[in-house]
Every structure is written in C-alpha cells, then in structure tokens.
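*Asks:* I am attaching a structure below and will ask some questions about it afterwards.
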Amino acid sequence: MRRFGLAALLGGVLFPPASAYLRCEEFDCFEDMVLLEGSRHRLLQQCYHGIYAGEADVASFCGDACAQLHCKRRDSIYIERTQFRPVCECLIERHKEQSNCDSMPCYKDFVAMSNNSIETFRINCKKYPSYFSSEEGVIVSKDHFPTPPTCGTPVQNGDAYMFHHGEYHPVCDCLNSRLAAYWPWSDYVISRQDNYRLITLNVFLHVILSSKTAFEEYATAEFVQELAQAVFAQIVAPFNHTLIKFNVITTEVVVNNIWASGYDNENMRRGLHLGDSRDLNFYLISDIGPYGARAAPLEAKKGIYCTPPPESLLWEIENIGDVALDGCIFSVPSEAAMNRTSLEVQRWMGACDYGPGSCRTQITPLQISNIHHRLAKTRMVPLDRIARGAHSHIKGEDLRKDPCSNLPCHRELHHIVKGQKPLQTHCRWFEDIEPIEAPEGPGLRSHVPGMWFENVDLPWWPNNCPHPVQDRLKIPWPTHQNICDCVLGNSRQSPRHTAAINIIKDVDNEIPILVDVFIHVIASSNDSIMAAKEIFNFYRLANITFIIKAVDLIVNSDWAAGQDHNQMRQVAYMGTSRDLNLFYIDTDTLDGSARSPSSPIVMCSYPFTSWWARLTKTEPEHDGCLIARNASRNPSRDPASTLRRPTPPKAVLSHII
C-alpha cells in the first residue's frame, strides 16, 4: 500500500528523505554496526561517546550470524577505524542537520496525533517500532487534528489520514537522536558529581483554596504561605538526613473551587507548573470532592499523588504525556496522605522501580545511597528543550493568565461584562450584595435564585452554563459566587516577581541561588585538539561555585569557524533562563577573523526577558556565553587549555553574576 500523498512528495523537495536517510547505509559496515549495537539509535550513542569514538578497531563474536555480515574475520565482526569512522561521521552529520526537530516537515502533525504531547510521540516512536516502521503506513482518525494536517493522505472517505514511512520516520529518528547526543555525557557528569554530595531541589508550592472566604479566614496571604511551607516541611522531613535539600522558591495561593476539589487537575498542573524536570511543583488542595473519579490520578484513599520522572519507564507505562504535568498533588488534611508522603516523593525522585514494594515505607541508611543516586540520575539534568512543545507552553500560559477560565459560566460572564477588568469591577460591586439563600425542598430546583443579565447575545451555545431564555441569562448565585471568588482572590503578583522580592529581602543570604552550567564544546572535526583532548579535565580540576550539569561535544566545522551561531545555540541549548550555557568554540575568534587585540573572544547575552526578546528579536535559546578557545588572559600553547582552567574566564563571570 504505497500511496504517497502530495505532502509526502513535497517532502522530497523540503528534505531528501531517501538519499539523506540512506546515504549512511551505503557504507559497507553500516549494517554490521547496527547489528552489533542493536539499533541505529544505539549506534549513534556509541559514535558520540562509546567504542566508535576511540581509535581502536572493534571486534565481537558473531557465530552463526557471520554469514550475513560484510565486515568479518572468521566467526567475528571486525570493523577497522577506517571503516567505522565514515559511518559515524555520517550519522553525526545527519543528527546535526535534524537536531532542530520542531522545524521538520510533518512534525506538528505527529505531535497533534499524540494528544499534543511531544513526550507521548517520542515514547510511541520508541515503544512501537513496528507501528512506526510499517511500510503500509499509519492510519490516524481526523479527530486528532484541529485543522487538516500538512502531511498524510486522506483515506476512508476523508475520515482518516495515512502517514507513510518517509514522513514520520525522520521525525522519530530526530527525537531519538537528540537524546543520544546529550544524555551519555550527563551520566558521566553525574557519576563524578554525585559522589554523595548535597542535592538542592527547587520547590514551587501552589495552595489551592475553594473560596475567597476560605482565603480570608487565614487573615493574610503571608500566613497561608507560612502554613503551606510548614505542611511541606513535615512532608519532606524523612529526607532531612539524606543530603537532599528542598528549597522553596515561591508559594502562590490560587482560589478555584473546582481545582481545590481535585477536579480538572490536569489543567491545574498545566497552568500553574513552573520550572522544569529538575524542580518539584507541589499542589496543596482541600478534601477531594464527592466524585473521586474526577480527581484521577489522585485517589481519596491515598490523598497524595506524585508523577515519576519524565523519560522514565513508569512515565511511559502510565502514559502521562505532557511534561508540564510533572509534580505532586496533596490533599489537606489527610492522614492517609501523610502516611504515604515518603513513598510518593520517592516515586517523584525516581527511586521506585515498577511493581509493588519497590518504594520503602522507612528510609534506612542502606537505602539513602540508592535514593540519592536515583535522584541525581533522573532529576539533576533537565529534559531536552523540545520535550515541551509550543502548544503546551501556549495552553499553560493561557491558563496561568486566567486560572478561573475553567469555571462554569465564566466564559459567558466574561463575555457579558466585556473583559477581565470590567469583570473584576463587577465582582467588587457584587460583594456588597447579600446573596439570597436557595429554597430547600423537592421540586424547587428551578427556583434557585441567581443574577439575571439582559440583552445577552452569545456567539456560542453554552456548554456548562444555563442556556439563555430569549435574550436573558440567569447565572445561579453559587456559580456566580465561585467565579467572583476566583477573580478577586487571584489578583496577585506573578511567582517570578515574588521570588525576586524574596531574594531582595534576604539580607542574611539564607536563600541559596544556584546556577546550573551546561557546557558545549564545538569542534571543527573529530581530529581537532578540542575534540581529541579529554574535556573531562575541566571537571577534574574545576573549583567553581557553579554546578556543572552536562557537557557535550558537537563536531561541526561551520559552527567552529564562527558561522551560524544562532542555529548552534538553538540546537544545543539546555535548561531555562536561570541556567548558564557555555559554548566553547574551536576558533581563535568568535567571528572567524584573524586574532587582534579588538577581536571578539567572549560574548555573553543579557538575561532573557520579553523586553530583550522584542528588542533583539532573538529566541530564549540564544541566552548564554560564546567563548573562543584562547579566551583566557594568558593562554598557553595548548589551545584547549581554556577548558582546564580552575575557574571560568573573568569576562564570562562579569556578565552572569
């Protein structure tokens, strides 16, 4: 069934799927190397940092399988350096070309068919190789796409689309290849840096209250925050002796009666989530409502739910999806939850394997080392930036701007009063009106009092709100009260502003400020000094206050020569604006010119803000520092000496502190 659509044919113009994908396979030993490693993805890992990154020939026993191999000696696979080097250079070059996966043809279509979750799509690529490599193609219902996809061929009378191997395989290959480039280096860093050192986790507390009245019972927002922090401190108390420190960055209070009952908690997490996979988002809600199933995955009998780490086996098995859902939900008060807190937080740390009994109810000294190392392995290094897509960011930002948008009749009331600020004014006026108690007794449901609005012209048919009667709409008092409680209770400062104020007030420097560092070495070739030298020396001799989290070696002669640094940073960037990305370039000057006293050798960006983005028209991934190989003030004869300096160049520090 080889029926390629127009988009698939155009794909040959946008990118050459057959020639580009097969050119690496044209080398004699390619198939043997894939057979030896088990997959193309694993082979790329070995080319970056494994047996094919060295100088020695590679040999392995093959037995009966030798008959189908090309590169062999008797009963063994034998691949010389001159044979595997061209294959690896081809694979790495292909990975470099495809690293910016979100710009590839068909990318958005496949994310849409995976419930708009990049992580779900990547898991499907890995979990169902037969499904995503079928020559027959993959048929997907049109219901998965909000608009007609750009790729695929309409089938089943237009009710579905068929996607072919040439359309989706390059996208799957790109997503998997990004992991191959970075994670092995991160594992090496962890093995050296963990060494049972203190791990500090940033925590974002979110307190969800059911009403503005409940908020006012606590007198002040500061008291609510202090109470939430005291509850959280009790929750993580079992980890006090584990060299794992929880650093509460912000505590925000949100009034939303639906979220406070545990309902719609997926949108709650999506809208309130801060930071990335290194950080713990902890949501404290009230008692789970009477319809406990609507609070899934939170269960009333447990009272607490924590996700496993993204990219983990449990995340894949539970099909969680969007990484913005990462975190813990805790029902207060709940004795059952307090008895399970240690288990669930261990689960968030990645210390629990799949199966019952894998998390320990009591943390003994023998288990501390395992928990510590698992946490370091799963949470010290953030996920690749592409793990959370634009759709997820946009939806989360919309929810954060208006956390009341999910409430019944909110959309209708917002439309009637014509905007957010008029809605706040309306609700302040409504506060002065004494609500009328609803009558009790059978048959009186239609007489529940409410607020009537005249001349209502809704451009949609209400879904979770009473329908208008001619041009009049009645919103019941309780529904109206919930909307106004949320609108007035959430007129608050942004968490980022709150965190900044807390730091400014911290005159005793009790709040730690940690900067994670990601180092990218850009070499001109595999044989260059930058690539040949052991860049791990940087870690062995460094005595710096910054926490080095990952390092990767990228071989790209154009980037090393000072060309297209914007694309380089877009591809290699890790973390968020709170982190420092250092790019060590294999050239004397950043612009490729001859060395002179005025040559650019170090360039650092300003901290990324929306103002800076509008001014420079650059992306968040362009944040960081570019450093030429001889950027130190007294460079030695060894061009790689900059990498082994005990501290970063002062020119760098002056821009980031």
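So the sequence shown is residues -20 to -1, 1 to 637, counted in mature numbering (1 follows the signal peptide of the UniProt record, and there is no 0).
C-beta: ideal position from N, C-alpha, C; glycine also.
1) To the nearest angstrom, report how far apart L468 and K225 are at their CA atoms.
2) Quick check: what's the CA-CA separation for I119 versus E296?
3) By DSSP, does L560 sit in helix, in strand, or in coil?
4) Report yes if the CB atom of N24 is closer than 8 Å to the CB atom of S40, and no otherwise.
5) Kindly indicate which three-state DSSP category E147 falls into: helix, strand or coil?
6) Assuming A92 contacts S121 under a Cβ cut-off of 8 Å, what Cβ separation, rounded to an integer in Å, is found between them?
7) Among R452, N444, C445, N247, which one has its Cα closest to the Cα of E434?
8) Which class does Y263 belong to by DSSP, given the choice of helix, strand or coil?
9) Alpha carbons only, please: which of P442, L403, R354, P218 is nearest the one belonging to P388?
10) Can you give me the Cβ contacts of R320 inside the same chain, cut-off strictly under 8 Å, excluding the 5 residues immediately before and after it?
11) Give me the residue from D437, N236, I188, V14 with the minimum Cα distance to N261.
12) Apart from the five residues just before and just after G307, which ones in its own chain have a Cβ nearer than 8 Å to its Cβ?
13) Check whether the Cβ atoms of K529 and D496 sit closer than 8 Å, and answer yes or no.
14) When burial is assigned at 16 or more other CB atoms within 10 Å of the CB, is E232 buried or exposed?
15) With a cut-off of 8 Å on the beta carbons, I'd call C70 and C9 a contact; round off their distance for me.
16) For P458, report the span of its alpha helix (DSSP H) as first-last.
17) Assuming residue 658 is part of the beta strand (DSSP E), what are its boundary residues?
18) Within a Cβ cutoff of 7 Å, which residues of the same chain sit near P289, ignoring the five residues on either side of it in sequence?
19) Nearest CA to the CA of D465: which residue from S97, Q205, F410?
20) One question on the structure: do C131 and D82 come within less than 8 Å of each other, judged by their Cβ atoms?
21) Can the beta-carbon of S567 be found closer than 8 Å to that of G542?
22) Pull up the distance between the alpha-carbon of V151 and that of C105, whole angstroms please.
23) Per DSSP, what are the beta-bridge partners of H124 in this structure?
24) Residues in its own chain within less than 8 Å of D437 by CB, not counting five upstream and five downstream?
25) For H352, count neighbouring Cβ atoms within 10 angstroms of its own Cβ and tell me buried if that reaches 16, exposed if not.
26) If the criterion is Cβ atoms closer than 8 Å, does the pair H602 and F563 meet it?
27) Please determine, among I348, D153, E60, the residue with the shortest C-alpha to C-alpha distance to D12.
28) Since P448 and G430 should fall inside the 8 Å C-beta cutoff, what is the C-beta to C-beta distance between them, to a whole number of angstroms?
29) Which residue comes first and which comes last in the alpha helix (DSSP H) that contains F90?
30) Return the CA-CA distance between residue 651 and C46, expressed in angstroms with no decimal places.
31) Runs of 4 residues minimum, wholly inside the region 210 to 270: which ones carry the alpha helix (DSSP H) assignment?
32) Below 6 Å CB to CB, which residues in the same chain sit around R102 once its five sequence neighbours on both sides are set aside?
33) Give a single yes or no on whether I607 has its beta carbon closer than 7 Å to a heavy atom of the ligand ADP.
34) Taking the alpha-carbon of I303 as reference, which of S557, R65, G255 has the nearest alpha-carbon?
35) Does DSSP put V325 in a helix, in a strand, or in coil?
*Replies:* Taking the coordinates as given:
1) Whole-angstrom Cα-Cα distance: 35 Å.
2) Each residue's alpha carbon lies about 22 Å from the other.
3) Reduced to three states, the DSSP call for L560 is strand.
4) Per the sequence shown, the amino acid found at residue 24 is Leu instead of Asn. Their beta carbons are not under 8 Å apart, which means L24 does not touch S40 by this criterion.
5) DSSP places E147 in helix when its eight states are reduced to three.
6) Distance from A92 to S121 at the Cβ level is roughly 11 Å; contact not present, criterion being Cβ atoms closer than 8 Å.
7) If we check each option's Cα against that of E434, R452 comes out closest.
8) In the displayed model, Y263 falls within a strand according to three-state DSSP.
9) Comparing Cα-Cα distances from P388 to each of P442, L403, R354, P218, the minimum goes to P442.
10) Taking C-beta separations shorter than 8 Å and ignoring five residues to either side along the sequence, the partners of R320 in its chain run K282, G283, I284, following chain order.
11) Ranking D437, N236, I188, V14 by Cα distance to N261 puts I188 first.
12) So the qualifying residues of the chain are R249, H253, L260, N261, F262, Y263, C286, T287, W328.
13) Yes; because the gap between Cβ atoms is below 8 Å, this pair is in contact.
14) When all chains shown are included, E232 counts as buried.
15) Going by Cβ atoms, the distance from C70 to C9 rounds to 11 Å, so no, they are not a contact pair.
16) Boundaries of the alpha helix (DSSP H) harbouring P458: 457 to 469, taken from the DSSP string.
17) The question about residue 658 has no answer here: the residues shown for the chain are numbered -20 through 637.
18) Cβ within range, chain order: S257, W295, G330, T358, R359.
19) Looking at S97, Q205, F410, the one whose alpha-carbon comes closest to that of D465 is F410.
20) Cβ atoms of C131 and D82: not closer than 8 Å.
21) Inspection of the sequence shows that residue 567 is occupied by Thr rather than by Ser. G542 sits close to T567, with the two beta carbons spaced by under 8 Å.
22) Distance between the alpha carbons of V151 and C105: 9 Å.
23) Note: H124 sits in no beta bridge, so no partner.
24) Taken in chain order, the residues that qualify are D451.
25) Result: buried.
26) Going by C-beta atoms, H602 is not nearer than 8 Å to F563.
27) Looking at the Cα atoms, E60 is the closest of the given residues.
28) Incorrect: roughly 13 Å between the Cβ atoms, too far for contact.
29) 87 to 92 is the extent of the alpha helix (DSSP H) around F90.
30) This structure gives no information on residue 651, because the portion of the chain shown stretches from -20 to 637.
31) The region 210 to 270 contains these whole alpha helix (DSSP H) runs: 237 to 240, 245 to 252.
32) Within the same chain, R102 has close Cβ partners L155.
33) Of the ligands one can find in the structure shown there are none, so the ligand ADP has no counterpart to examine.
34) Sequence inspection shows Val at residue 303; the Ile mentioned does not correspond to that position. For V303, the nearest C-alpha among the options comes from G255.
35) Reduced to three states, the DSSP call for V325 is helix.
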